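Notes follow once the structure below has been shown.
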Amino acid sequence: MLMRYSQRSIRKQLAVFLVQLYLLNIAVAAPDNGTFTSAQAATSNPANSTADSNIALQERLLLVDINGQQLQETVLVLQDRKGAMYLREDDLQLWRLRIPAHEFVIAHQGENYFSLTNISGASYVYDINTQSLSIKASPLAFDHSLRVATYATMPGPLRAGPGGFVNYDLFAAQSEQTSQLAGQFELGYFNFDGVGTSNVLVDNPDYNTRITRLDTTWTKDYPQTMQSLRVGDAINRPASWGGSLRFGGIQYATNFATQPGFVTFPPQSATGVAVLPSTVDVLLNNALVSSQSVPPGPFSISNLPIVSGSGEVQLVVRDMFGREQIITRPFYASQALLRKDLEDYSFEAGLVRKNFGINSFDYGSWIGSASYRRGLSARYTGEVHAEAMQDQVTAGGGGDYLVDRVGTISAYAAASQSSYGTGSLALLGIEHQSRPWSMGARTQWMSTYFAQLGRPFEEMAPVQLSSFNVSYASDSRGSTSVAYVLKQNRNKPDASIATLSYSVSINKWASFSISAIFNLIDDKNTTIFAMLNIPLGPVTSLSVSQQSVRGGNTNNSDEFTTTLQRNLPLGEGYGYRLVSRSDGYGEANYLQQNNYVTANVSVAQSSGVVATRAGLSGGVALLDGDAFFSRRIDQSFAVVRIPDYPNVQVLADNLPAGKTDADGNALIPRLRAYDRNVIAIEQRDIPMDAQIDIDKLVAVPYYRSGIDVKFPIKHAHAATLTVHLENGQPLPLGAMVVVPGNKESFVVGYEGEVYVAGLLANNKLSARWNGVQCNFDVAFVAGKDPLPDLGIFICKGAKP
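Whatever position you read off the sequence shown (first residue = 1), add 909 for our numbering.
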């Protein structure tokens, strides 16, 4: 770049000399007013059809502007004897003007030049008097620009060192005749190769202590490829038509949660054109979701945060002069679809887990399962699935297809072979989501001996399972929904249930909802539930409800309930719940939590019988040999380290999350795995003698793992002092004092006063000004005063 402008400076002198010669050479071609247009050059431009390096060219150093932006760009331009202008390829790329076809290139001094008349959609005016070139370009003359509305991928997570955690939930209950003690414990260990967890239930039925193992799993995630490997207890991933069960073995599957910003369904984009540099506001259903700056030309904004259903994207393009254009486009998105060529799969093999929660190591027959989905286009996603276990094999396939203005249509078929015989399945479904109306319908037929995972052999497949729902949502008139479910069985009674519900907000001070459940087969009763909820504050509410049962084989009943509730805050605080029912039942529940534990106590009374319950839950995190008590550690966590600075408030996503202990360490639980977690410190809690290089960091942890977050904060060891010369005069104003080992120099103020930092117990300082230097010694002892005044020092040996 320096060489380029050096050449321009030399050529500028030459251009001044050539101006007079130029006026003589092209006086006939140039108009009387001293301007030359692209239309005149196009009539006889030899470069319009072929490249020609022998054209007589003159160099011009011109002030170039595009579309009146006042760029003030001075560039080297070539001009032939007919007046056609040629611009360097690098300059065209810098301005994002489309490069003409390569056959129009002219080589000059080792660089490529293109005629402006060959750029589609561009015209120009050359003013001889001002030595300026004004280019007018349509949006189509510029290259396409791409902007991303939200991040598409997250930064890589920080590797977790060896560590662990323990969670506990303790429970005790007492009534007039019985008592119960129980506890659930979770043990976790993580390192560079993943995280392992194991859950244990401890209880005392019939006063006999019993320990039951629940799940034990080792998980290793691969965020770069969005995959996960699980070894141990897991749940298989079912097909769109299948069932699931617990098993012990191995599972390898895609895991899109390892990149939270990744959109799996076909992304939506918005396109437009801008004549000048502009700002584009993107509104989704009248809500602002993105604001981007775009250069001139066609542009597209991808990865819009679209939700399922139909809607409208609106672009408001505002140029540098405040002029606006509005572009509107409808869309329909479905999370049932995958973006084109995206794969989603899961492969499992192991042994069926039996009597979960009762027996610790009860495993049955072997199973194998494989699911594979792929986005074949922006409209169609295909799926195949196969599963097998002892005495049965099942396989099937199908997919989901998006139809404009209709919604997503699903169709699947499957067949099975078992010891009972051959079976088959067929499924059809449709879903349409929009505002204010949405609907969905789905029906599934199965033959008598159709077998699938999750359903026992002896339970015959139902004949048909169908569902239907329709809803209407309005901001002012509330929301209404109707749903119907039918299950026709072979060896047990059928089920047919319809529901009707309505909810509405009442002037922002209350909400009302009512729902009815109709049992259309067998008992044929109707249950109606209505509730009025009144917020009394940010976390407190009062609700009054009624439940009525009518018809069927049971007696008609009405039950009224009043509930006063305060929810627990995210941080430290308390909550409670008071319940009173018309049948005489009453309950009082109190909860208290801090950064280390959550406790609850409740008392309930019904029919003269009183029962009490108490619970306690919390966790312990282990990292780098240190242990930290905390509330339950259900997510990832970080240990913030600010050595030697206790009682410093630490914030996670701008919310208080903990304070440093006596060693300057603080545990921050509940971090989102693979996501950006902004961790900051409260600067007001840092003493004045601290040197703060940064007060905010971004932590991206692995799944249920802990990381160290160390803030670069250290004691400044600073002081003020006064420095005199040997003749008693203060150091000159503006002199610089240097502390050995400190890259920073300190400016001397009036009367020789200076602030210095980074002092040790004994320091040899020097002062410099106007080529003169002197030296002096300073002893420093750190104390409670964050900025002590050390007094007067004599700087000796002042000499050039």
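All C-beta atoms, glycine included, are put in the ideal place defined by N, C-alpha and C. Quick caveat, the model's predicted, so the values are computed rather than measured.
Check whether residue i and residue j have beta carbons under 9 Å apart
{"i": "Arg1613", "j": "Thr1128", "result": "yes"}
{"i": "Arg1227", "j": "Val1189", "result": "yes"}
{"i": "His1341", "j": "Gly1218", "result": "yes"}
{"i": "Leu1668", "j": "Val1646", "result": "no"}
{"i": "Thr1173", "j": "Tyr1131", "result": "no"}
{"i": "Pro1186", "j": "Pro1205", "result": "yes"}
{"i": "Asp1617", "j": "Asp1533", "result": "yes"}
{"i": "Ile1423", "j": "Ala1439", "result": "yes"}
{"i": "Tyr1098", "j": "Gly1092", "result": "no"}
{"i": "Phe1265", "j": "Ser1280", "result": "no"}
{"i": "Gln1353", "j": "Ala1324", "result": "no"}
{"i": "Asn1145", "j": "Thr1125", "result": "no"}
Cβ-based neighbour list, residue i, same chain, cut-off 7 Å, excluding 5 preceding and 5 following
{"i": "Leu1576", "result": "Ala1530, Phe1537, Ser1539, Phe1546, Val1548, Gly1567"}
{"i": "Asn1194", "result": "Gly1220, Glu1221"}
{"i": "His1017", "result": "Leu966, Leu987"}
{"i": "Asn954", "result": "Residue placement at Asn954 is flagged as unreliable, the pLDDT there being 48, under the threshold of 50; the coordinate-derived value follows with that caveat. Hits under 7 Å: Lys991, Ala993, Ser1024, Thr1026."}
{"i": "Leu888", "result": "With the chain covering only 910 through 1709, there is no way to say anything about residue 888."}
Residue nearest to residue i in terms of C-alpha spacing, selected from the options
{"i": "Ser1209", "options": "Ser1217, Leu1642, Val1225", "result": "Val1225"}
{"i": "Ala1627", "options": "Pro1176, Tyr1254, Gln1600, Ile1588", "result": "Gln1600"}
{"i": "Glu1610", "options": "Leu1067, Asn1194, Thr1163", "result": "This sequence places Pro at residue 1610; Glu is not what is there. For the residues Leu1067, Asn1194, Thr1163, the minimum Cα distance to Pro1610 belongs to Leu1067."}
{"i": "Leu1096", "options": "Pro1555, Tyr1289, Gly1072", "result": "Gly1072"}
{"i": "Thr1246", "options": "Lys1673, Asp1078, Ala1497, Gly1308", "result": "It is Leu, not Thr, that sits at residue 1246 in the sequence shown. For Leu1246, the nearest C-alpha among the options comes from Gly1308."}
{"i": "Pro1371", "options": "Lys1396, Pro1176, Gly1363", "result": "Lys1396"}
{"i": "Gln978", "options": "Ile1044, Val1690, Gln1201", "result": "Ile1044"}
{"i": "Gln1373", "options": "Asn1398, Ser1388, Gly1363, Asp1384", "result": "Asn1398"}
{"i": "Asn1636", "options": "Val1618, Arg1122, Asn1672, Cys1683", "result": "Cys1683"}
{"i": "Ser1054", "options": "Arg1139, Gly1152, Gln1201", "result": "Gln1201"}
{"i": "Thr1631", "options": "Asp1686, Arg1581, Val1681", "result": "Asp1686"}
{"i": "Leu985", "options": "Gly1277, Ile975, Asp999, Asn976", "result": "Asp999"}
{"i": "Leu1049", "options": "Ser1029, Thr1039, Gln1040", "result": "Ser1029"}
{"i": "Asp1112", "options": "Leu1079, Phe1101, Ser1450, Gln1086", "result": "Leu1079"}
{"i": "Tyr1033", "options": "Leu971, Arg1056, Phe1094", "result": "Leu971"}
{"i": "Tyr1716", "options": "Ala1069, Tyr995, Gln1136", "result": "Nothing about residue 1716 can be read from this structure; the chain reaches only from 910 to 1709."}
{"i": "Met1229", "options": "Val1184, Asn1268, Gly1461", "result": "Val1184"}
{"i": "Val1391", "options": "Tyr1659, Asn1378, Ser1383, Ser1385", "result": "Asn1378"}
Buried or exposed (CB count within 10 angstroms, at least 16 for buried), residue i
{"i": "Gly1706", "result": "exposed"}
{"i": "Leu1001", "result": "buried"}
{"i": "Leu1642", "result": "exposed"}
{"i": "Tyr1321", "result": "buried"}
{"i": "Ser1319", "result": "buried"}
{"i": "Leu1564", "result": "exposed"}
{"i": "Ile975", "result": "buried"}
{"i": "Asn1038", "result": "exposed"}
{"i": "Ser1274", "result": "exposed"}
{"i": "Gly1330", "result": "exposed"}
{"i": "Pro1578", "result": "buried"}
{"i": "Ala1148", "result": "buried"}
{"i": "Asn1574", "result": "buried"}
{"i": "Pro1552", "result": "exposed"}
{"i": "Tyr1241", "result": "buried"}
{"i": "Ser1383", "result": "exposed"}
Presumed contact (8 Å Cβ cut-off) between residue i and residue j, rounded CB distance
{"i": "Val1473", "j": "Gly1484", "result": "Note that residue 1473 is Leu in the sequence shown here, rather than Val. With 8 Å as the limit, Leu1473 and Gly1484 do not qualify as a contact, their Cβ atoms being about 11 Å apart."}
{"i": "Gly1316", "j": "Ala1360", "result": "Wrong, their Cβ atoms sit about 32 Å apart, outside the cutoff."}
{"i": "Asn1503", "j": "Gly1524", "result": "Not really, about 15 Å apart at Cβ, beyond 8 Å."}
{"i": "Gln1584", "j": "Pro1169", "result": "Checking the sequence shown, residue 1584 turns out to be Asp, not Gln. Indeed they touch by this definition, with Cβ atoms about 5 Å apart."}
{"i": "Ser1211", "j": "Ser1243", "result": "The pair is not a contact, with the Cβ atoms about 18 Å apart (cut-off 8 Å)."}
{"i": "Ile1542", "j": "Phe1051", "result": "That belief does not hold up - the Cβ atoms of Ile1542 and Phe1051 are roughly 53 Å apart, past 8 Å."}
{"i": "Arg997", "j": "Glu1020", "result": "6 Å"}
{"i": "Tyr1494", "j": "Ser1515", "result": "5 Å"}
Sequence-distant residues of the same chain with beta carbon closer than 6 Å to residue i, five excluded per side
{"i": "Asn1556", "result": "Lys1568"}
{"i": "Asp1602", "result": "Pro1621"}
{"i": "Ala1571", "result": "Pro1555"}
{"i": "Arg857", "result": "Nothing about residue 857 can be reported from this structure: the residues present for the chain run from 910 to 1709 only."}
{"i": "Gln1089", "result": "Ala1082"}
{"i": "Asn1100", "result": "Pro1071"}
{"i": "Leu933", "result": "The pLDDT assigned to Leu933 is 35, lower than 50, so where the model puts this residue is not dependable, and the model offers no usable value."}
{"i": "Ser1420", "result": "Ser1414, Asn1442"}
Any non-hydrogen atom of the ligand PLP within 8 Å of residue i CB
{"i": "Gly1461", "result": "You won't find the ligand PLP in this model; it holds no ligand whatsoever."}
Residues near residue i in its chain [Cβ-Cβ closer than 8 Å; skip 5 each side]
{"i": "Asp941", "result": "Note that Asp941 scores 43 on pLDDT, short of 50, meaning its location in the model is unreliable and no value can be drawn from it."}
{"i": "Ser918", "result": "At Ser918 the pLDDT is 42, less than 50, meaning the model places this residue with poor confidence; the figure from the coordinates comes in the next sentence. Here the set comprises nothing."}
{"i": "Lys1708", "result": "Val1681, Gln1682, Cys1683"}
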